[in-house]
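**Q** In our numbering, the protein residues as written are -11 to 293.
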Amino acid sequence: MAKASSAGAPALSRRLIGYVRVSTDDQVVDAQVDALRAAGCERIHQEHGSGASRARPVLTKLLKDLAAGDVLVVVRLDRLARSVSHLLDVIEDLEKRGVHFRSLLDPIDTSTPQGMFSLQVLGAVAQLERALIAERTKSGMRAAKARGKLAGNPGLRERRPEAVRAVSAARRRAYLDELITSAQTWLPTVRQLRPRHSWDDVVRILNRRGQDWTVERLRRAVHRLVGEKLAEPELVSRSPRRPPEDYLMRLVAGIAIADPELSIREIAAQLDQMRERPPRGGRKWQPSSVRALLEEARRFGLVRP
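In structure tokens:
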């Protein structure tokens, strides 16, 4: 039971949630499970998957389901992340949501000042690592140019089929990794709206929440996750035909967003000038019709209150 805070409000419950990963089906997870249970983990999620890939459906769902006050616990850092930068991305997202992270065999516990200091050291190491890699790459390119060699992949320059296939496969893997890493910031909204609402409406709502999508990019992303069995097939189903009221709602929302100072009567006057027919017939738009469409747009998230 959560203890009451000094202000009289109950503190967030603190659940210890374990995550176990082994690379192959032949490996056993007993040692990791025993260590996590000894640390007090209430639930332990197990997954078989390579550490070189972020395509881990168990981890993806776990990260999405964690709530403020929870602590994600692993035995070692390499059980969670494939690189320092990946680790920092995961922990940063958890911290934004009030979730802590702990590694039993590493000095990382984001609920303590010492653990946060260790995390900052890791961040500095990652930044230094990126700088050193960039410098080595530039030095190698300068040395190759001085010897008369061209930079880049010789197989690609010669259009060798095996080289082209290898690069294409690497790009597809990198794209999937990127989608999986960012999915928790946009996929829940897609699941909430699709397929009842069109891709245009979903993109509009995501972008109103600080995202940066186009219909083409979002459809491609969702199709890829569905193809990898990381999202539900119905998300890419055809949306129903929209009634005329949907168009008018979006039009009224667009006018209100373009000029927030307009009154309801002024929006009605603009609709009359655009020769748009009112939803209930008649020649002129009434303020009540505009108000009803604005309220619907607010419920849908197209217009802020």
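By construction, the Cβ of each residue, glycine as well, lies at the ideal position given by its N, Cα and C atoms.
1) Could you pull out every residue in the same chain whose Cβ sits closer than 7 Å to the Cβ of C29, ignoring the five residues on either side in sequence?
2) Give the secondary structure of V8 by DSSP, where H, G and I count as helix, E and B as strand, and everything else as coil.
3) For A158, count neighbouring C-beta atoms within 10 Å of its own C-beta (all shown protein chains included) and say buried if the count is 16 or more, exposed if not.
4) Have a look at L75, R25, L51, A154 and flag the residue whose alpha-carbon is nearest the alpha-carbon of V87.
5) With distance defined between alpha-carbon atoms, name the residue in L82, R153, S91, G57 nearest to A23.
6) Look at A162 and T48 and say whether their C-beta atoms are less than 8 Å apart.
7) For T169 versus D18, is the C-beta distance shorter than 8 Å?
8) When the Cα atoms are used, what is the spatial distance from M237 to V291?
9) Counting along the chain, where does the beta strand (DSSP E) carrying V61 start and finish?
10) Grab me the residues of A122's own chain with a C-beta within less than 7 Å of its C-beta, minus the 5 sequence neighbours each way, in chain order.
11) Excluding the five sequence neighbours on either side, which residues of its own chain have a C-beta within less than 8 Å of the C-beta of Q258, listed in chain order?
12) Would you kindly check if the distance between the Cβ of P183 and the Cβ of E222 is under 8 Å?
13) Which residues in the same chain as R212 place their Cβ atom closer than 8 Å to its Cβ, once the five residues preceding and following it in sequence are excluded?
14) Buried or exposed: where does D200 fall if 16 or more other Cβ atoms within 10 Å of its Cβ makes it buried?
15) Buried or exposed: where does R44 fall if 16 or more other Cβ atoms within 10 Å of its Cβ makes it buried?
16) Need the endpoints of the alpha helix (DSSP H) that H88 sits in, please.
17) From the DSSP output, in three-state form, read off Q274 for me.
18) So what does DSSP say about R44, is it helix, strand or coil?
19) Where does D14 fall in DSSP's three states?
20) Just tell me which of W174, L93, M104 has its CA closest to the CA of E80.
21) Taking the straight line between their C-alpha atoms, what separation do you get for G270 and D260?
22) Rounded to whole angstroms, what is the Cα-Cα separation between V191 and V210?
23) If you draw a straight line from the alpha carbon of L206 to that of A134, how long is it in whole angstroms?
24) Since H36 contacts V10 with CB under 8 Å, what's their CB separation in whole angstroms?
25) Within 10 Å of its beta-carbon, does S186 have 16 or more other beta-carbons around it, so buried, or fewer, so exposed?
26) At the level of alpha carbons, what is the spacing between A(-8) and P95?
27) Compute the Euclidean distance between the alpha carbons of D14 and R148, then round it to the nearest angstrom.
**A** Concretely, from the data shown:
1) L4, I5, G6, V61
2) strand
3) exposed
4) L51
5) S91
6) Using a Cβ distance threshold of 8 Å, A162 and T48 do not count as a contacting pair.
7) no
8) 10 Å
9) Counting along the chain, the beta strand (DSSP E) containing V61 begins and ends at 59 to 62.
10) So the list is empty, once near-sequence residues are dropped.
11) I243, L250
12) yes
13) Excluding residues up to 5 positions away in sequence, Y163, L164, L167 lie with their Cβ nearer than 8 Å to the Cβ of R212 in the same chain.
14) exposed
15) Around the beta carbon of R44, a 10 Å sphere encloses 16 or more other beta carbons of the protein chains shown; the residue is thus reported as buried.
16) First-last for H88: 88 to 91, but that is the beta strand (DSSP E), not the alpha helix (DSSP H).
17) coil
18) coil
19) Caution applies to D14, whose pLDDT of 49 falls short of 50 and renders its modelled position unreliable; the model cannot decide the point.
20) M104
21) 11 Å
22) 12 Å
23) Those two C-alpha atoms are separated by around 44 Å.
24) 6 Å
25) buried
26) Low confidence applies here, because A(-8) scores a pLDDT of 40, under 50, leaving its location unreliable; read the following figure in that light. When rounded, the separation of the alpha-carbon atoms in A(-8) and P95 is 29 Å.
27) Only weak support exists for where D14 lies, its pLDDT of 49 falling under 50; the value from the coordinates is given anyway. Roughly 37 Å between the two C-alpha positions.
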